[in-house]
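Reviewing the structure listed below.
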Amino acid sequence: MTGSDLRPEPDALLAQAEKEGRGRLKIFLGAAPGVGKTYAMLEAARRRAAEGVDVVAAVVETHGRADTEAMLAGLEVLPKRPHFYRERILHEMDLDGLLMRRPTLALIDELAHSNVEGSRHEKRWQDVEEVLDAGIDVWTTLNVQHLETLNDRVARISGVRVRETVPDAVLELADEIELVDLPTEELIERLRAGKVYVQDQIARAVNNFFSKGNLTALRELAMRAAADRVDAQLQEHMRANAIGGPWPAQERILVAINEAPVARALIRTAKRMADRARVGWIAVTVTSPEAEALPEGDKDTVAGALRLAERLGAEIATLHASGPVATEILDYARRRNVSRILVGRARARPFWNRLGRENVARDLSEAARDFEVTLVSDPKDETPVLSRQGWAVERDPAAYARAAGVVALAGALAWVADAWLPVPSLSLIFMTGVIVVAVRHGLWPSIAAACLSFFAYNFFFTDPRNTFFMIRQDQILTLGLFLVASVLTGNLAARLRERAVAQRAIAERTNLLYDFARQVAGAASSEEVLRAASAHVGAALGCETVLMRPDAFGRPAIVASEPMRDALDLREASAADYAWTRGEEAGRGSGTLPASRWLFVPVSAASRRLAVLGIAWKDGRTFSPVDRRLLDALVDQIAVALERTELQRDLEQSRVASEAERLRSALLSSVSHDLRTPLVSIIGAASSLADPDLALPRAARTEMAETIRDEGERLDRYIQNLLDMTRLGYGALKLKRVPSDLREIAGGARHRLRGALRAHEVVLDVPEGAAAVLVDPLLIEQVLMNLLDNAAKYAPDGTRIDLRARIIGAQMEVSVADHGPGIPAHARARIFDMFYRVAEGDGQRAGTGLGLAIARGIVEAHGGTIRAEPAQADGTGTRIVITLPLVNPEHPE
Amino acid sequence: MTAPEARPARILIIDDEAPIRRFLRIALEAEGHHVSEAATGRAGIEAAALTTPEAIVLDLGLPDMDGEAVLRELRQWSAVPVLVLSVRADEGGKVALLDAGAQDYVTKPFGIRELLARLRGLLRDRASEPAQGAALTIADLTIDAAARTVTKAGEPVKLTRKEFDLLWLLASNAGRLVTQSMALEHVWGKAHAEDSQYLRVFIRQLRAKIGDDAGNPRYIFTEPGVGYRFASG
């Protein structure tokens, strides 16, 4: 081992870091009830409380034992919470109360306890996890037989299987384990003295369970479990601190499972092996067209086994095989550095069912030369298992009717062919019919068809005809073979058919995913994505769906659903809330609130949680692995699509924000720079007039005063523009339309602007008669002033400005044209935006940059349009053209 | 204090705002100057070449080119004093302009008296400036460059060499802006042109010695972030 390898392993450091900030878990582990775990825990807790630690007894089961109850005295006991279950009141730990109370240390007795149905979590150890997550230290007690992987062994030792199990991973979470040990004889003594409370199943087998041999074996198990744990802690410490050692390359154990009942035993065996070898393990299942055709019950078996594996800390994977299953498993095993493969021994099957069927276990052990393959058999599974595949009874009478029809048709054909063919050959016609039935309707109709054919052939075609009586031996043999062949071909054909059906199901799902991907690719908003997603998930899984995103209060609320619904009941809502806040599945079939009808799956991307998907079936079933896989694929796609739209929205928002920022800084620059420009002239001129040292001639004084007046008016216009813009922005602009003479309005604008227009020649071309329009004259005058002001500002002194008005159809067209430099084509549409100016920067002409924006606002309020175009033939000059609809004076609006 | 009679000069105004040009022209002509006008940077540069003005009033906000660009182009062939009209409140902008060769600036809006005072500072004949070795009297302060002595109301003021150099630089440019970098280069050398904290310390000492109050200055006026200006007369 070289020096560079002596770095702490990141995984080990990460695990340690994750523990920090969490509460610490201490488990008082015992071999059997009655060894004094609770007593030991309370004893230690009292010492802690005496040291001033904030200790709360959340749940302590004293079982009425006086000495234990005495230990509890003086400790703060959290009241239990009543649960109403099937008309009984049961008391459970008040998890929320504990989380609110937030003690430093919580005592939670009996880790393996199962909560009453309807609680937040199925198991108490899940409560404990949540308490730890909240940063509260937990002390708890556990008997060794409740450990998931030891359950089988304890059952074998004691003949008693306990229902309440705890995943081994929980033991690994423990920061400290204290083994509460009592010599076997002493325990038996206590039991005799009635000092031991025994519960449910154990009570039934009490004599059996508490035999000396059993207890000794259990004690050993408990000690070994504690010792293993210490060993694991030591290793973890050595890894985290980079203490060199012969660490093996990360090998893995792979366990392959299918629907066989041995799956759970396989998983437990794999877990034990992996723990002993201190390596990771992977549970895989392989889906293939055959697996698709499995009955629902078998799919549930596989799904349940995979969930068990996941709970026991395995990585789980679903492989998809188009060819031999064994090859697929081996390929995967090589990719993942697997050293050992566990697989169930092939089940005994009737010979016909083995035809054409892969024996995965055999294939694996033959092909896997570079692996250690372990075959595991289920001790309870010695009886041959009839594969139910292909044997599912067809219940549709129409299938049998059609089968009968086919036989009748075959009979008719045989009747006709009887003239040319020898009698034994006629059976081939019936055989063809049977195969047709098998292919179209499956096994049972084909067997029915075979029997019918047999009788028809026997009755109509074998001598003596029209009786069921047979003479010739060879004919009897023919008929027997005929029947066997029918069943075999029927079975094969049926399997072929099932495979085709399954293949079609796969193709349909692929199409569905593809359709979904295509549909959401075009979705512009998160809501569209969610609507498409709810429709697709509903269609794909045949279930009800809801998609939820957080509302204003951060609680998930329904955004899209299939079929339409707008609320969930309280329990479902709290499951959805849990899935959202914790990012874990909740609801049906999960570990949290399993009693609810819905399952909620968080939809998350790498960086954030995006939504919660809820699904429910009317018949209340849970997932098959294939559905699960499909759901995972859909959830992934939803996440990708949502993240895309979210990013788009963020981008849009930041664009809008920067636009607002731009407008604000433009407004600031307008106020600071442009409003100041008229002030420069005003203050300059006024200070000149006021300066006694400056000998100004009379004419000069007049000119100065005029400057002050003109610039004062200009300042007033700027301020007016700013006010107008605010009014336009708030939609408060009210039009006061009156019949107006446009020539009058134009004249007024020119007069008011005479100061600014001093250096330009303004030519009005507004025909008197054509100029009566129904507009707000004040506002239109403002528009014309803004346009003339702009023209004067940009066109060189001494040039001409044309103001024209014409009636074209139902519109009045008014234009202002100058001889200025013109506006580049790319800027023409933007000049009507607020604060937009063609030459940005300090070189801009004075002006608020609001004039054209206000002109547009006013013109559009009149229902008109405004545009810019070159004024002169050579492309220079600017012509601003406004069109105003001619409103009938009798019906103004 | 009466304004000293200014020598008539040819002055070019480069500003795109007609009203500003108008009142400047009237005011400057009333002072006896000959005024020419230009509305764009390009026209301004051409006018500067044709009319050879003795001072230019340059607006920074021109439609066709940045005032700073006009200044740089002018500086390639002309040393004519330039007074910049600026709306920029930022020190960086002013310093950049002064570095680009402007002699002084006025921030808009401004009173005509302020502008005329600045212009007079620029127009004062270089030949009439006090030569090294001459003595300068400003109010009750007398600075003798040859003897390197300073008296205030007859009482001698003891200055270090560097303090005297700094005071002489400011006083000999009375009424004109002395930028921080000008002062630093002149007194401490080019290598210290950026060390404005030196300058602040020396100005403080100098003010203390000549009895000037930064809060109510009589001699040394601070142009924040830009430089200093010695009282003129």
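Residue numbers (my numbering), protein chains in the order written: chain A, 1 to 893; chain B, 894 to 1126.
Heads up, the beta-carbon is just placed ideally off N, CA and C, and yes, glycines get one too.
Span separating the alpha-carbon of residue i from that of residue j
i	j	result
B/V1050	B/A1067	20 Å
A/F469	A/A410	21 Å
A/R81	A/D636	39 Å
B/P974	B/L1012	9 Å
A/R750	A/A792	11 Å
A/G857	A/E813	17 Å
A/T799	B/L1063	50 Å
A/Q201	A/E164	Note on A/Q201: pLDDT 47, under 50, position unreliable in the model; the coordinate value appears next. Approximately 10 Å between the Cα atoms of the pair.
A/F461	A/R395	31 Å
A/H536	A/F516	7 Å
A/T702	A/E661	44 Å
A/G245	A/G313	With a pLDDT of only 37 at A/G245, under the threshold of 50, the placement of this residue in the model should not be trusted; the figure read from the coordinates follows. Spanning the two alpha carbons is a distance of roughly 25 Å.
A/R653	A/S526	Note on residue identity: the sequence assigns Gln, not Arg, to residue 653 of chain A. Cα to Cα, A/Q653 sits roughly 14 Å from A/S526.
A/L218	A/L179	12 Å
B/A1084	B/L1077	9 Å
B/L1029	B/W1061	9 Å
B/R1069	A/L735	57 Å
A/G684	B/L1016	20 Å
A/L512	A/G538	11 Å
A/M704	B/D908	17 Å
B/S929	B/L905	5 Å
A/V680	B/F1095	37 Å
B/P912	A/T707	6 Å
A/I882	A/I866	4 Å
B/I1103	B/A1027	19 Å
Paired residues, beta bridge with residue i - DSSP
i	result
B/K1102	None; B/K1102 has no bridge partner.
A/P550	A/P556
A/K80	A/K80 pairs with nothing; no bridge assigned.
A/P739	A/L774
A/Y85	A/R88
Cβ distance (whole Å) where residue i is taken to contact residue j below 8 Å
i	j	result
A/T285	A/V262	About 13 Å; that fails the 8 Å criterion.
A/A795	A/D765	Contact doesn't hold; Cβ gap of about 17 Å is too wide.
A/I136	A/G23	4 Å
A/V895	A/E148	Outside the modelled stretch of chain A, which goes from 1 to 893, sits residue 895 of chain A, for which no answer is possible.
A/A222	A/V144	4 Å
A/L342	A/T269	6 Å
A/A256	A/I329	5 Å
A/I745	A/L784	6 Å
Residue closest to residue i, alpha-carbon to alpha-carbon, out of the options
i	options	result
A/R120	A/S377, A/G304, A/E572	A/E572
A/W281	A/T287, A/R272, A/S288	A/R272
B/V1075	B/A923, B/R1054, B/A1124, B/A995	For the sequence presented, residue 1075 of chain B should be read as Met rather than Val. Checked all of B/A923, B/R1054, B/A1124, B/A995; the closest Cα to B/M1075 is B/A995.
A/F600	A/P556, A/L171, A/L642	A/P556
A/E122	A/R588, A/Q519, A/A283, A/G52	A/R588
A/D368	A/T141, A/L312, A/R340	With the sequence shown as reference, residue 368 of chain A is identified as Ala, and Asp is not the correct amino acid for it. The shortest C-alpha separation from A/A368 is found at A/R340.
A/A810	A/L886, A/E869, A/G822, A/G863	A/L886
B/L991	B/P912, B/A1124, B/Q1073	B/Q1073
A/D741	A/N721, A/L715, A/E768	A/E768
A/L631	A/E544, A/A686, A/S596, A/R644	A/E544
A/L547	A/S534, A/G822, A/E781, A/S815	A/S534
B/V980	B/W970, B/A1039, B/K1001	B/K1001
A/A871	A/H826, A/R828, A/G822, A/T865	A/G822
A/F553	A/S561, A/T581, A/R676	A/T581
A/L774	A/M431, A/A523, A/G864, A/N721	A/G864
Closer than 6 Å: residue i CB and nearest the ligand COA heavy atom
i	result
A/E584	With respect to the ligand COA, the structure offers nothing, as it holds no ligand at all.
Between the stretch 676 to 704 of chain A and chain B, which residues of the former have a C-beta closer than 7 Å to a C-beta of the latter? R676, T677, L679, V680, S681, I683, G684, A685, S687, S688, D691, D693, L694, A695, L696, A700, E703, M704
At a Cβ cut of 8 Å, what residues of the stretch 895 to 923 of chain B count as close to chain A, listed as they run along the chain? T895, A896, D909, E910, A911, P912, I913, R915, F916, L917, I919, A920, E922, A923
In chain order, what residues of the stretch 962 to 988 of chain B put their CB closer than 7 Å to some CB of chain A? V980
What are the residues of the stretch 787 to 807 of chain A that lie near chain B, defined by any Cβ-Cβ distance shorter than 7 Å? none
Which residues, taken in chain order from the stretch 1005 to 1020 of chain B, show a beta carbon closer than 9 Å to some beta carbon of chain A? I1005, R1006, E1007, L1008, L1009
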